[in-house]
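Peer 1: Got a structure here, written out as structure tokens. Questions coming.
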Amino acid sequence: METQKQFKRRFSFEFFPPKTDKGWEKLQGVRNTLAEVDPDFFSVTFGAGGSTRDRTVQTVLDLHKRGVSTAPHLSCVGATRDSIAELLDVYRDNGINRIVALRGDMPSGMGAAGELRYANELVSFIREYSGDTFNIEVAAYPEFHPQARTAEDDLKNFARKVEAGANSAITQYFFNADSYFYFIDRLEKMGVTIPVVPGIMPIVNFSNLTRFSDMCGAEIPRWIRKQLEAYGDDSDSIRKFGEEVVTEMCAKLLAAGAPGLHFYTLNQAEPSQSIWKNLGIGEREKIAF
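Sequential numbering of the sequence shown, starting at 3, is according to the numbering used here.
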């Protein structure tokens with residue numbers, strides 16, 4: 003963890019682009035609430051195969067103009083270089099200086115994979131096209147990508163993204179801090195030393211958490227799963243237990259030197275805000291990398 007301790011902490015919150023006017027109104031309230039904690043940035047997801055492209059752009063530009071730096075997710079699956087360049091131009095012209103570069107998922111029924119196949123190729127293209135205009139974030143998988151053949155292959159894939167020009171990384175969420183510590187240790191031994199910020203998923207709904215985790219390969223430790231199962235439909239107990247578990251993990255990560263936290267909000271303010279308050283995070287220096 004020594005390499006991570008050298009970086010200034012940064013804190014961020016992730017949203018998805020709303021599909022309806024009601025969802026948009028809700029997001030404005032969530033945004034206003036979370037802006038009060040002075041995050042370093044918000045990020046906005048990009049649907050499989052670019053399926054939310056226009057809504058992502060709209061959400062990014064709206065959030066950005068309201069005073070908090072906003073980072074769009076950008077995936078290459080199903081995209082052409084020209085379509086990616088068009089988005090980069092829009093973001094640059096509107097003062098966006100951070101991109102979350104991902105391979106992305108192919109939606110069901112979609113054919114061609116696009117001109118860029120992997121995230122490292124997308125990072126290379128962004129650097130070639132835009133130079134140093136953008137701070138490029140990439141994904142990291144402490145429990146390893148579900149499609150990786152081996153753990154070693156996954157580490158090498160991450161290193162390729164760094165070699166291509168990534169500045170920093172955000173991890174898939176996890177509930178076992180040791181998986182993050184081990185991942186960082188492996189990276190350090192490979193000489194990979196960019197900031198790797200833990201992704202944090204508040205526990206709010208057990209069935210949804212199980213579904214998300216099955217899709218992305220995140221492990222729910224048995225002791226957590228069993229306790230959540232025991233609560234059944236008692237949503238208040240699930241939230242309280244989840245808040246305690248995630249707060250304790252976040253405190254452990256920060257104490258060990260993790261360079262910040264990135265919250266997967268699912269467009270809800272209260273769960274992430276409660277964890278933030280429990281951690282007692284106050285005034286802090288702004289991001290400097």
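Glycine included, C-beta positions come from ideal geometry on N, C-alpha and C. Please read these numbers as outputs of a predicted model, since none were measured by experiment.
1) What's the gap between the Cα of M192 and the Cα of T22?
2) Could you compute how far the alpha carbon of G234 sits from the alpha carbon of I226?
3) Could you tell me the alpha carbon to alpha carbon distance between Q30 and G167, rounded to whole angstroms?
4) In terms of residue numbering, what span does the alpha helix (DSSP H) encompassing V32 cover?
5) In the DSSP assignment, the alpha helix (DSSP H) including M208 goes from what residue to what residue?
6) One question on the structure: do L141 and L104 come within less than 8 Å of each other, judged by their Cβ atoms?
7) Using the Cβ count rule (16 or more neighbours within 10 Å means buried), how would you classify P148?
8) Quick check: V199 and G262, are their CB atoms within less than 8 Å of each other?
9) If you reduce the DSSP assignment to three classes, tell me which class Y143 lands in.
10) Going by DSSP, what residue range makes up the beta strand (DSSP E) through Y266?
11) Counting pairs of Cβ atoms below 8 Å between the segment 87 to 96 and the segment 126 to 137, do you hit three or more?
12) Could you give the first and the last residue of the continuous beta strand (DSSP E) run that contains L104?
13) Keeping to the same chain, check which residues put their C-beta closer than 8 Å to that of L124; ignore five residues upstream and five downstream.
14) Could you check which residue in F243, E221, D236 and M203 has the C-alpha nearest to that of A271?
15) Once DSSP output is grouped into helix, strand and coil, what is the label at L76?
16) Could you tell me the boundaries of the beta strand (DSSP E) in which P273 lies?
17) Hey, quick one: how far does the beta strand (DSSP E) through F15 stretch, first residue to last?
18) Can you tell me whether D145 is buried or exposed, with buried defined as 16 or more other CB within 10 angstroms of its CB?
19) Restricting to Cα atoms, I'd like to know which of T82, V206, G282 and N122 is closest to F243.
Peer 2: To lay it out plainly:
1) 45 Å
2) 13 Å
3) 33 Å
4) Per DSSP, the continuous alpha helix (DSSP H) segment holding V32 begins and ends at D23 to A37.
5) Note that residue 208 corresponds to Phe in the displayed sequence, not to Met. That run of the alpha helix (DSSP H) goes F208 to C218.
6) The amino acid occupying residue 141 in the given sequence is Ala; Leu does not appear at that position. Yes, these two residues count as a Cβ contact at 8 Å.
7) exposed
8) yes
9) coil
10) In this chain, the beta strand (DSSP E) harbouring Y266 covers G262 to Y266.
11) With the cut-off at 8 Å, the segment 87 to 96 and the segment 126 to 137 touch.
12) R100 to L104
13) L76, S77, C78, I86, A103, L104, R105 and L118
14) Looking from the CA of A271, the closest CA among F243, E221, D236 and M203 belongs to M203.
15) strand
16) Run containing P273: none in the beta strand (DSSP E); it sits in the alpha helix (DSSP H), E272 to L281.
17) R12 to F17
18) Per the sequence shown, residue 145 should be read as Glu rather than Asp. Classification for E145: buried.
19) Each of T82, V206, G282 and N122 was checked against the Cα of F243, and the nearest Cα belongs to V206.
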